[in-house]
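One structure below.
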Amino acid sequence: MLKILINNLITGIRLLPLSMCCAGVTFLYEEVLTAELNRTDGIQFNEILASNLTGLKDEDGDTSDWLEIKNIRSQTVNLSGYSLTDNARVRRKWPLPDQDIPPGGYFSVWMSGKDSNQSDLLDSNPLRKTSPLSVHTNFKLKKKGGSLFLINPAGDTIDEIHYPKQYSDHSFARSSDPTRKWGFYLIPTPGKANEGRPLKQFVKEPSFFPLPSVVYDEIEVHLNVKSIETVELRYTTDGSHPTGSSLLYDRAIKIIQSATIRVAAFIEQERVSPIATGSYLIKPEPQLPSLSITLPPADFREVHMNSQASGRKSERQAYWEYFNKSGKRIEATGFGLRIHGGAGRNGGLHTKKSYRAYFRSSYGQSRLNGEIIPNASVKAFDKLVLRASSNDRAPHGSSIRDQVIRDLHLEMGGVGAHGSWCVLYVNGVNRGIYNITERMDQIFLSSHLGEGQFDVIKTGETLLNGNKGAWNHLNHFLRTTQFSDAANYEELKRRVDVENFTSYVILNLCMQNFDWPHNNWYAARRIPDGKWIFMCWDAEWGLGYRHPHSGDAPIGIDLDPYAFMDSGGAYGHGLIRTLFLALLNNEAYRKYYQQEVTRYLKESLSTENILRLIRYHRDAIETEMKKEYEAKGTRIKRW
Numbered sequence: 046m047l048k049i050l051i052n053n054l055i056t057g058i059r060l061l062p063l064s065m066c067c068a069g070v071t072f073l074y075e076e077v078l079t080a081e082l083n084r085t086d087g088i089q090f091n092e093i094l095a096s097n098l099t100g101l102k103d104e105d106g107d108t109s110d111w112l113e114i115k116n117i118r119s120q121t122v123n124l125s126g127y128s129l130t131d132n133a134r135v136r137r138k139w140p141l142p143d144q145d146i147p148p149g150g151y152f153s154v155w156m157s158g159k160d161s162n163q164s165d166l167l168d169s170n171p172l173r174k175t176s177p178l179s180v181h182t183n184f185k186l187k188k189k190g191g192s193l194f195l196i197n198p199a200g201d202t203i204d205e206i207h208y209p210k211q212y213s214d215h216s217f218a219r220s221s222d223p224t225r226k227w228g229f230y231l232i233p234t235p236g237k238a239n240e241g242r243p244l245k246q247f248v249k250e251p252s253f254f255p256l257p258s259v260v261y262d263e264i265e266v267h268l269n270v271k272s273i274e275t276v277e278l279r280y281t282t283d284g285s286h287p288t289g290s291s292l293l294y295d296r297a298i299k300i301i302q303s304a305t306i307r308v309a310a311f312i313e314q315e316r317v318s319p320i321a322t323g324s325y326l327i328k329p330e331p332q333l334p335s336l337s338i339t340l341p342p343a344d345f346r347e348v349h350m351n352s353q354a355s356g357r358k359s360e361r362q363a364y365w366e367y368f369n370k371s372g373k374r375i376e377a378t379g380f381g382l383r384i385h386g387g388a389g390r391n392g393g394l395h396t397k398k399s400y401r402a403y404f405r406s407s408y409g410q411s412r413l414n415g416e417i418i419p420n421a422s423v424k425a426f427d428k429l430v431l432r433a434s435s436n437d438r439a440p441h442g443s444s445i446r447d448q449v450i451r452d453l454h455l456e457m458g459g460v461g462a463h464g465s466w467c468v469l470y471v472n473g474v475n476r477g478i479y480n481i482t483e484r485m486d487q488i489f490l491s492s493h494l495g496e497g498q499f500d501v502i503k504t505g506e507t508l509l510n511g512n513k514g515a516w517n518h519l520n521h522f523l524r525t526t527q528f529s530d531a532a533n534y535e536e537l538k539r540r541v542d543v544e545n546f547t548s549y550v551i552l553n554l555c556m557q558n559f560d561w562p563h564n565n566w567y568a569a570r571r572i573p574d575g576k577w578i579f580m581c582w583d584a585e586w587g588l589g590y591r592h593p594h595s596g597d598a599p600i601g602i603d604l605d606p607y608a609f610m611d612s613g614g615a616y617g618h619g620l621i622r623t624l625f626l627a628l629l630n631n632e633a634y635r636k637y638y639q640q641e642v643t644r645y646l647k648e649s650l651s652t653e654n655i656l657r658l659i660r661y662h663r664d665a666i667e668t669e670m671k672k673e674y675e676a677k678g679t680r681i682k683r684w
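If you count by our numbering, then the sequence shown holds residues 46 to 684, one letter each, in order.
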């Protein structure tokens, strides 16, 4: 269906004829949809990027959208008193900084909504990669289209644009050719003249036939795109983005082993469509859902091999395709990929490692469907962890220990990360069984416990959200107070959810979790006066774990759990030990603790219930686990 983009402020726009209507094609006007305005102020809008996925990053590592203003006069213009707005009724929505633009020069600003205007230290082009800081507006551009107004000190509108739907990584800019005005450009040019001719059309992303799926045998894949002009389809199968020199599609693509196709339309080696991504996974009788992640090989290497990486700057854009057990693709979106974990980050390119997936509107969907983790009460996720079970995996582990222990705490009334299983493919290569889990943080807690702000602290007393004030006060209180006193015990119960903490300790001691309590824990409380709760995580050294260097002897299975806790665990002390020993100094708590041990051993921690959960997860991954052991050159002896 033809889209005609018009605005009632405009006259004299040359539209393409209706006879050229073609499904899948958006026709782009040859004149900008803007009024003829007074240019005596000498500055005007020059370029915007309203869907920045892979371009410049701001100082936070975010690929924020941006706007560029140009000085078209022969004299310097100072921006003090000028302002930007996306609402003509709100003239002074965001004031521009006290900054000079030289004759013919440019000034760029991040359209991020972060609202930063550091006018005393500004670079004339904050988008330059070398810029030490940036300027951010208090509102954002709209990918679906919108308006922008440039207001002078007198309150007059001196420039405005009414821009249409925007396309990823293509800027919308004023042509340097005086015979033309605005259009889409394949390559954004902040700080420079807008070179080349704007695209006359932007083609929708190509399609696949048959649809991406898990298949049982080799398959032929056909690619298609709808366009009024002759376009070339060019594709890759290694995860890289197609370019004008990529493989030319001229016949059906035969897939004889699992592969991912990335394809785009080109005119004279200029990309004129979004990139489409589709995976075809050859896998007889899949037992588990499949997850395919696609990204340029260099980006994957950078994520996978940088063991010290952290934060948004370490994140790389990738593509997520989730296939259910029947082989149907039920989720497909762009997302951000990071490495995850502690010691498990080490190793080479072929080492199985854990990752984190971040879903953001700048990549695609801002939330992922809850069908990914069927037993989770939350049905949409902004981030997920892909756990590799770094200790508890082939060729010596079971992969299920941590999931079983987290499930047990959930059954005991605790708060924790739900999880499910999949086989992970990266750029078509099978990386093995992965445990998809929730990421425990502020958003996780708000989803499960109700909206609010939370302090969240994890292993190493690392602060994830909020601040450590209440945590430090609790630590001091524990070390300076006698809890045999009833009043002090009651005060402690006002600070700590004792029921939650007791179930947490009983579970970890019962499971003989040797890599705890000094390690692998999360704690959180609702701000301002909520009680601290504790959550299980990464309990791979529990349930009789056998380390590859310890022979057949299970680690810690014969330890007296209370002597183990009293000694500080395997490697040292921490608040969990301090809190537990403080509570045991109170007679009322000792009685309560004994009652809870007796109750849980008859209920959630009964032999029958633990075996039920073990069998449930064993049955879920057994077939794939045998394949994973065989891939390591061994067979399952005991599992």
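Cβ coordinates follow ideal geometry from the N, Cα and C atoms, glycine included.
Short of 7 Å in beta carbon distance, which residues of its chain neighbour W586, apart from the five on each side in sequence? Order them along the chain.
Excluding positions up to five away in sequence, the list reads N436, N558, F559, D560 and I600.
- Message: Can you tell me whether S64 is buried or exposed? The criterion is at least 16 other CB atoms within 10 Å of its CB, across all chains shown.
- Response: The predicted model places S64 with a pLDDT of 29, which falls under 50 and marks its position as unreliable; any figure quoted below should be read in that light. That one is exposed.
**Item:** Euclidean distance between Cα positions of K733 and L193
**Value:** Residue 733 lies beyond the range of the chain shown here (46 to 684); nothing can be said about it.
(request) Can you tell me the Cβ-Cβ gap for Q332 and T668, rounded? I've got them flagged as a contact below 8 Å. (result) Sure, about 4 Å apart at Cβ, within 8 Å.
Quiz prompt | Under the three-state DSSP convention, the category F404 falls into | solution = For F404, the three-state secondary structure derived from DSSP is coil.
- [ ] To the nearest angstrom, report how far apart P334 and Y479 are at their CA atoms.
- [x] Going by C-alpha positions, P334 is about 10 Å away from Y479.
Let me make sure I understand the geometry here. Which of I417, S371 and R438 has the alpha-carbon closest to that of G389?
Of the listed residues, the one whose Cα sits closest to G389 is R438.
| field | Paired residues, beta bridge with P140 - DSSP | value | The partner list for P140 (beta bridge, DSSP) reads S128.
- Report all residues from its chain with a CB closer than 6 Å to the CB of H463; omit the five preceding and five following residues, and keep chain order. Hits under 6 Å: I418, N420, A421 and E483.
Quick one: any contact between the region 315-324 and the region 649-668, if contact means 3 or more CB pairs under 8 Å? The region 315-324 makes no contact with the region 649-668; the number of CB pairs closer than 8 Å stays below 3.
### Message
Contact defined as beta carbons within less than 8 Å: I believe Y280 pairs with S290. What is the distance between those atoms, to the nearest angstrom?
### Response
About 12 Å separates the beta carbon of Y280 from that of S290, a gap too long to meet the 8 Å contact definition.
Is G458 buried or exposed, if buried means 16 or more other CB atoms sit within 10 Å of its CB?
Counting Cβ neighbours within 10 Å, G458 comes out exposed, since fewer than 16 surround it.
Note to self: So, with DSSP's three-state summary, where would you put W227?
What the structure shows: Correct three-state label for W227: strand.
Between which two residues does the beta strand (DSSP E) containing Y151 stretch?
It spans Y151 to W155 - the beta strand (DSSP E) in which Y151 sits, taken as one unbroken run.
For the alpha helix (DSSP H) containing K299, name the first residue and the last one.
It is not in any alpha helix (DSSP H) - K299 instead sits in the beta strand (DSSP E) that spans I298 to I300.
Item to complete: Could you name the residues of the same chain whose beta carbon sits closer than 6 Å to that of L112, not counting the 5 residues immediately before and after it, in chain order?
Response: Here the set comprises I93, V154 and M156.
*If you draw a straight line from the C-alpha of M610 to the C-alpha of V460, how long is it?*
Their Cα atoms are separated by approximately 22 Å.
Problem set entry | For V501 and P140, the rounded distance between their alpha carbons | Cα to Cα, the separation comes out at about 36 Å.
Legend entry - Three-state class that DSSP yields for Q640 in the structure shown: Helix.
* Asked: Using the rule of at least 16 other Cβ atoms within 10 Å of the residue's Cβ for burial, across every protein chain shown, is T679 buried or exposed?
  -> By the 10 Å Cβ count, T679 comes out exposed.
- What do you get for K398, buried or exposed, if any count of 16 or more other CB atoms within 10 angstroms of its CB means buried? Result: buried.
* Host alpha helix (DSSP H) of A343 (start-end) -> Taken as a continuous stretch (DSSP letters only), the alpha helix (DSSP H) holding A343 covers P342 to M350.
Buried or exposed by the 16-neighbour rule on C-beta atoms within 10 Å, applied to S272: Burial is judged here by how many other beta carbons sit within 10 angstroms of a residue's own beta carbon; S272 has at least 16 and is buried.
query = Which whole-angstrom value describes the C-beta separation of I327 and S303, a residue pair presumed to lie in contact below a C-beta threshold of 8 Å?
reply = Yes, they are in contact, since the Cβ atoms of I327 and S303 sit about 5 Å apart, within 8 Å.
Applying the criterion that 16 or more other CB atoms from any shown protein chain within 10 Å of the CB defines a buried residue, is I51 buried or exposed?
-> Only weak support is given to the placement of I51: the predicted model assigns it a pLDDT of 28, under 50, and the question is left unresolved by the model.
- Query: Cα separation between K677 and P440?
  - Reply: The straight-line gap from Cα to Cα measures roughly 6 Å.
Limits of the beta strand (DSSP E) - the one that N269 falls within: For N269, the uninterrupted beta strand (DSSP E) segment begins and ends at I264 to N269.
inquiry  = Which residue wins for smallest C-alpha separation from H454, given the options R405, G505, A95 and L658?
reply    = Selection R405, G505, A95 and L658 evaluated against H454 yields L658 as nearest (Cα-Cα).
inquiry  = Taking the straight line between their C-alpha atoms, what separation do you get for S465 and H207?
reply    = Spanning the two alpha carbons is a distance of roughly 46 Å.
Given a cut-off of 7 Å, decide if Y261 and P319 are closer than it, judged by their beta-carbon atoms. It is not a contact, given that the beta carbons lie outside the stated cut-off.
When the Cα of E240 is compared with those of Y230, F247, Q527 and V248, which residue comes out closest? Looking at the Cα atoms, Y230 is the closest of the given residues.
*Backbone secondary structure at S119 - three-state DSSP*: Correct three-state label for S119: coil.
Under the DSSP definition of a beta bridge, which residues are partnered with G477? Within the DSSP bridge table, the entry for G477 names L469 as partners.
Indicate the three-state DSSP secondary structure (helix, strand or coil) for G379 in the structure shown. In the structure shown, G379 sits in a strand (DSSP, three-state: E or B).
Exercise. Please report the residue range of the alpha helix (DSSP H) in which Y674 lies.
Key: Following the DSSP letters along the chain, one finds Y674 inside the alpha helix (DSSP H) bounded by residues T652 to A676.
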